[in-house]
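Letter by letter, the sequence shown follows residues 1 to 181 in full-length UniProt numbering.
Report on the structure given below.
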Amino acid sequence: MPRDIIELDLDEEADRLAERLDSIAAAEVDGEITSEQANQLAGSVEQQMYALEEALEEHGSDATWSIRAFTPGEKAELTGLISRAKKQADRAHRDVDVEAMLDNYWAGAGLVDAPFLDTDPSLQERIAAVRDKPNPYLAEFIANRVTEENTLGNGQRQSYSERVAAERQAASDEPTSDEPS
Numbered sequence: 001m002p003r004d005i006i007e008l009d010l011d012e013e014a015d016r017l018a019e020r021l022d023s024i025a026a027a028e029v030d031g032e033i034t035s036e037q038a039n040q041l042a043g044s045v046e047q048q049m050y051a052l053e054e055a056l057e058e059h060g061s062d063a064t065w066s067i068r069a070f071t072p073g074e075k076a077e078l079t080g081l082i083s084r085a086k087k088q089a090d091r092a093h094r095d096v097d098v099e100a101m102l103d104n105y106w107a108g109a110g111l112v113d114a115p116f117l118d119t120d121p122s123l124q125e126r127i128a129a130v131r132d133k134p135n136p137y138l139a140e141f142i143a144n145r146v147t148e149e150n151t152l153g154n155g156q157r158q159s160y161s162e163r164v165a166a167e168r169q170a171a172s173d174e175p176t177s178d179e180p181s
């Protein structure tokens with residue numbers, strides 16, 4: 001049974017990426033991350049934000065963009081397709097950017113509707129459309145949003161990143177030996 005469809009508002013999504021850039025800038029200024037780390041993180045986010053703005057310009061703010069999470073069967077089918085594509089590239093001795101390939105497959109599998117998709121496309125047609133039509137950073141954005149929708153959290157337990165942040169906060173709250181007890 002397919003999962004719920006999530007309608008994307010590209011204006012809101014671009015704003016969310018802009019907020020992420022603000023967080024990265026604040027973390028750099030506060031010394032939480034190095035300038036090199038900040039530039040690396042910000043580069044991808046910034047490119048995705050610009051790709052969203054370009055898509056808005058090209059297709060308008062009324063265009064329909066939607067994604068969804070996969071069923072276990074769809075995830076298994078996708079894993080098989082990715083495995084076969086990697087083997088084909090290896091046999092042909094083609095130098096393939098595996099990360100970009102995974103973004104295309106993941107985005108295509110989770111994409112339900114976009115201005116560049118045909119009506120009711122198959123999984124392979126969606127993957128091919130993502131590979132061939134949008135800005136590569138738009139494909140990366142879609143892949144990231146699909147990943148978010150496929151990362152099921154029940155809200156009752158902390159994620160790993162939340163645990164790391166809590167540990168860092170606890171470490172910074174500990175009194176130093178110079179402070180009176």
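Quick reminder that beta carbons are idealized off the backbone N, C-alpha and C, glycines included.
Per DSSP, what are the beta-bridge partners of serine 61 in this structure?
Beta-bridge pairing links serine 61 to no other residue.
Next item on the list: Quickly, what does DSSP pair glutamate 7 with across the bridge? List them, please.
Entry: Partner(s): Ser66.
Please state if the CB of glycine 110 and the CB of arginine 68 are separated by a distance shorter than 8 Å. yes
* Asked: CB-CB under 8 Å to leucine 52, same chain, minus the five flanking residues each way: which ones, in chain order?
  -> Leu10, Glu13, Ala14, Leu17, Leu138 and Phe141
Tell me the rounded alpha-carbon separation between aspartate 113 and tryptophan 65. 5 Å
Self-check item: Residues near aspartate 103 in its chain [Cβ-Cβ closer than 6 Å; skip 5 each side]
Solution: Ala139, Glu140 and Ala143
task = With DSSP collapsed to three states, give me the class of leucine 102.
result = Three-state result, leucine 102: helix.
Cβ of leucine 117 within 8 Å of Cβ of arginine 126?
yes
- Straight-line CA distance for leucine 56 to aspartate 62? 9 Å
_Continuous alpha helix (DSSP H) stretch holding valine 112: start and end_ = Per DSSP, valine 112 belongs to no alpha helix (DSSP H); it is in the beta strand (DSSP E), 111-113.
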